[in-house]
Amino acid sequence: MATHRNPDLTRRSLLGAAFREMYKSGFQAASLDNILSNANVTKGALYHHFGSKQELGYAVVDELIREHILNRWVRSLEKAENPIDGLLAILRAKEPHPGFDQRLGCPLNNLAQEMSPLDEGFRKRLEGVFREWRQGIAKALRRGQERGQVRSDVDPLESADFFIAALEGSLSLAKNAQDTDVFDNCKAGLASYLKGLRTPGSS
Numbered sequence: 000m001a002t003h004r005n006p007d008l009t010r011r012s013l014l015g016a017a018f019r020e021m022y023k024s025g026f027q028a029a030s031l032d033n034i035l036s037n038a039n040v041t042k043g044a045l046y047h048h049f050g051s052k053q054e055l056g057y058a059v060v061d062e063l064i065r066e067h068i069l070n071r072w073v074r075s076l077e078k079a080e081n082p083i084d085g086l087l088a089i090l091r092a093k094e095p096h097p098g099f100d101q102r103l104g105c106p107l108n109n110l111a112q113e114m115s116p117l118d119e120g121f122r123k124r125l126e127g128v129f130r131e132w133r134q135g136i137a138k139a140l141r142r143g144q145e146r147g148q149v150r151s152d153v154d155p156l157e158s159a160d161f162f163i164a165a166l167e168g169s170l171s172l173a174k175n176a177q178d179t180d181v182f183d184n185c186k187a188g189l190a191s192y193l194k195g196l197r198t199p200g201s202s
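The sequence shown begins at 0 in numbering that gives the first Met the number 0 and counts up by one.
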């Protein structure tokens with residue numbers, strides 16, 4: 000008897016397999032054969048859900064990478080009583096995302112470095128993810144200022160930009176060095192920076 004796979008499950012499997020392949024190999028070198036094999040689906044199923052490899056890559060950004068950033072950073076900070084404590088807790092978490100491998104770096108930054116100069120669709124999507132991340136941190140810091148938790152002389156967007164740039168840079172250094180200690184050292188420096196944003200006496 001023929002079995003019929005749930006279309007939503009098939010689509011999710013393709014996205015997950017595509018993310019893992021792109022994370023390991025980059026978008027341009029990502030193998031559709033590997034994606035199909037790892038998702039256990041046919042080429043026909045792939046093209047039923049996605050018109051091209053490019054469309055599949057866009058969906059990985061829109062539906063997986065963006066959602067991860069929103070869930071881990073933006074939405075969690077919206078719930079934090081104190082933005083500095085919230086940022087420190089996220090920073091200290093052992094795994095930034097499922098399947099994270101320090102040897103491979105940050106999926107968002109990897110794609111931005113690879114595809115931004117080559118494909119405007121990727122560039123705009125990735126820029127949008129970074130923008131939402133920056134704005135989410137800045138908004139949390141502004142709330143902290145209103146509550147007296149963050150120094151009033153801190154520029155929230157400037158601090159958000161610096162934090163993200165430093166975090167992404169630290170992941171790139173650790174990826175290049177293939178040394179987790181590099182990332183740990185950078186995280187310690189970022190933690191000190193965040194603590195310095197507190198209003199004196201608020202910690």
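Every residue gets a Cβ at the ideal spot worked out from N, C-alpha and C, and that includes glycine.
Unbroken alpha helix (DSSP H) run spanning residue i, endpoints
i: I163; result: 155 to 176
i: V181; result: 179 to 194
i: G43; result: 42 to 48
i: P82; result: 82 to 91
i: I34; result: 31 to 38
i: I68; result: 65 to 68
i: F18; result: 6 to 24
Counted within 10 angstroms of its Cβ, other Cβ atoms place residue i as buried (16 or more) or exposed
i: P82; result: buried
i: F161; result: exposed
i: E20; result: buried
i: R91; result: exposed
i: Q148; result: buried
i: N109; result: buried
Proximity of residue i and residue j at Cβ, strictly below 7 Å
i: E167; j: C105; result: yes
i: L103; j: Y46; result: no
i: G15; j: Y57; result: no
i: V128; j: I68; result: yes
i: S115; j: R122; result: yes
Contact with chain B by residue i, beta-carbon distance below 7 Å
i: K52; result: Any reference to chain B falls outside this structure, which holds one protein chain only.
Cβ neighbours of residue i in the same chain (closer than 8 Å, five flanking residues each side left out)
i: F182; result: Q101, S169, L170, L172, A173
i: D118; result: Q53
i: T198; result: G147, Q148, V149, R150, S151
i: I163; result: F129, W132, R133, I136
Contacting residues, own chain, Cβ-Cβ under 7 Å from residue i (five flanking each side not counted)
i: L193; result: I83, L86, L87
i: R141; result: P155
i: T2; result: Interpretation of T2 is limited by its pLDDT of 46, a score under 50 that renders its predicted location unreliable; the figure taken from the coordinates is listed afterwards. Excluding sequence neighbours, T2 sits near nothing in its chain.
i: A190; result: L87, L90
Any non-hydrogen atom of the ligand FMN within 6 Å of residue i CB
i: M114; result: Within the structure as shown, the ligand FMN is missing, as the structure has no ligands at all.
Close Cβ partners of residue i (< 6 Å) along its chain, the five nearest in sequence each way excluded
i: N33; result: E20
i: A17; result: I34, L55, V59
i: T9; result: V40, A44
i: S12; result: A38
i: G143; result: P82, V149
**Prompt:** Quick one: complete alpha helix (DSSP H) runs, 4+ long, within the segment 113 to 149?
**Reply:** Correct list: 119 to 145.
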